[in-house]
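Right, one structure below, let's go through it.
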Amino acid sequence: MNLIAIALAASGILYIIFGKREAVLKRANVYVLVLISIVPLYAAPNNVVVITFGIASLVLLLVCVQASVRIRIDFTILPILILLSLELFSRLRGGSPQLALFNTVIIVFAFLAILVCATAVRESGWFTFAMTLAVLLPFHLVVSVLEQGGVVSTLWPRGTEIDDISHRPNRLLEILPGRSMSTLGHPIVLGFICGVTAILALHYFLNSSRWWGVVFLLAVVISGLSGARSAFFATVVACLYLFLRSRKSGTRVVIMGLALAVGVLLYQGGYFAEDTFSEVETQSSYTHRLSVTTGVQDYIGQASPESLAFGRGIYDYLQFLTNGIFGSREDLTSFDNQIVRSLVVSGLVGVAAVVLTMVVGWVRGSGVARATLVYSAVLMFSFDMFTWIISLVIFGIATTAGTQQRDDNSPSPSPLKTSTRRTAVSRARS
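In case it helps, the numbering used here puts the sequence shown at residues 18 to 447.
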């Protein structure tokens, strides 16, 4: 897998150079998505990851040179740039030179990926983005099923107990041996990518071709195999948003009716009981999500003004986790929450950057970009440190691609009609 990752990154040079100049952004979009959908950005050994994404960063720099006229850095991309800069700064405060190099390469790749992919989406919409993810789904399905059957082990081992599928219980589908993670090194990353694919597939299913329904179902199935509960829930919320904003009023009525009926059945059946939810959510999950408010209050009261404003840095943050978060809260040894993590790592400045990024993306975003933003926003309250870079890349593309001139729902202008109109105008002038 190490050689495959490096070869995949290096092949991008040929893929970009020998393609048509006008299609360089689309090709770069595909290149980025293939990389982040197959190669785990955080996986060991770090040297291989640094080489892979170092080469990828050089490829994207080449793309920026070739498409310099079309790539613009405007106010839309400023908040995510600030957020990435804070991430880089926090990760350079302490730690070894090797880790500093690793984090620098990954952050540079993330920024270039957002810049190039957002420009591509602004120019031609989300179709290439969605199609690339859809084409990769069968690969992830095959690997995930083979993992469940014990035919293949972890393709990209991390050297921890999570490499064994029996140590990854699937709370969504307990009948399965465990949680699949394909080549991505962690089940949550697989669930995250499948969730984004499901949202885009549903968008095109509602507005264009019905075969996207198959892609949607396939993404949901793989998400279930991954056992990523938070990604699954975020997908449901984002898809509900797409349904409710559908131009077809009948669709909205049907979906709202189904949601109401399911809610009544669940309530009457007593499925809202805590013991039922405990089959899906562990006690540690409750601790992570429900006790964090008290922890934030304790932290704000104890932190120094400098730490509260600018954070403690990622390495102090990790030490903070080891010793027990927020001092007296010994039960909070870890948590999944991007907002709280930004508060501790980068201070109120980091929280402001996250919120500003969300606001700008929502105000300037198209329908499908907003749905992707909803998905990312829900996942922010169930964050995992292993998904941070992929989350930021997808989040950044969704927020900065909102300035596209044409929504994907609107049909492209017909060349015949355009030429006819020009002929009529020229005749009128003559």
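The beta-carbon is built from N, C-alpha and C at its ideal position, and this holds for glycine as well.
Given the structure is predicted, the values throughout are model-derived calculations rather than measurements.
Taking the Cα positions, Leu52 is about 43 Å away from Gly318. Between the alpha carbons of Leu257 and Ser113 lies a distance of about 45 Å.
In terms of CA proximity to Val385, Val213 leads the group Leu158, Val122, Val213.
In the three-state scheme derived from DSSP, where H, G and I count as helix and E and B as strand, Lys43 is classed as helix. Here the alpha carbons of Ala215 and Thr389 stand approximately 10 Å from one another. Sequence-distant partners of Ile30 (beyond 5 residues in either direction) whose C-beta falls short of 7 Å from its own C-beta, in its chain, are Val76.
Here Ile411 is buried. Its C-beta has 16 or more other C-beta atoms within 10 Å. With fewer than 16 other Cβ atoms inside 10 Å of its own Cβ, Gly166 counts as exposed. Setting aside the 5 residues that flank it on each side, Leu158 is surrounded in the same chain by Ile239, each with a C-beta closer than 6 Å to its C-beta; the list follows chain order.
Counting every other CB atom within 10 Å of its CB across the protein chains shown gives Ala22 a total of 16 or more, marking it as buried. The C-beta distance from Val125 to Ser74 rounds to 5 Å, short enough to fall under 8 Å.
Collapsing the DSSP output to three states places Trp173 in coil.
In chain order, Leu153, Ile210 place their CB closer than 6 Å to the CB of Ser54, counting only its own chain and leaving out the 5 sequence neighbours on each side. Two segments are said to touch when three or more pairs of C-beta atoms, one from each, lie closer than 8 Å; by this definition the stretch 368-384 touches the stretch 96-103.
A distance of 8 Å or more separates the beta carbons of Phe128 and Val138. Close CB contacts of Glu323 within its chain, under the 6 Å cut and outside five residues either way in sequence, are absent. Ser183 is not a Cβ neighbour of Leu242, given a cutoff of 8 Å. Restricting attention to Ala218, Thr252, Leu25, Ile407, the CA atom closest to the CA of Leu150 is found in Ala218. When secondary structure is reduced to three states using DSSP, Met198 falls in the coil class, being assigned neither helix nor strand.
C-alpha of Ser321 to C-alpha of Asn187: approximately 41 Å in a straight line.
In this chain, the alpha helix (DSSP H) harbouring Met397 covers 384-397. Ranked by Cα distance from Leu190, the first of Met148, Arg246, Ser107 is Arg246.
With distances taken between CA atoms, Asn46 lies nearest to Tyr32 out of Pro57, Tyr32, Leu58, Val56. Comparing C-alpha distances from Ala248 to each of Ile34, Ala394, Ser225, Leu259 shows the shortest one belongs to Ala394. Here Met375 carries a helix assignment [DSSP, helix/strand/coil]. Counting every other CB atom within 10 Å of its CB across the protein chains shown gives Val66 a total of 16 or more, marking it as buried.
Shown here, Val56 sits in coil according to DSSP, grouped into three states, outside any helix or strand.
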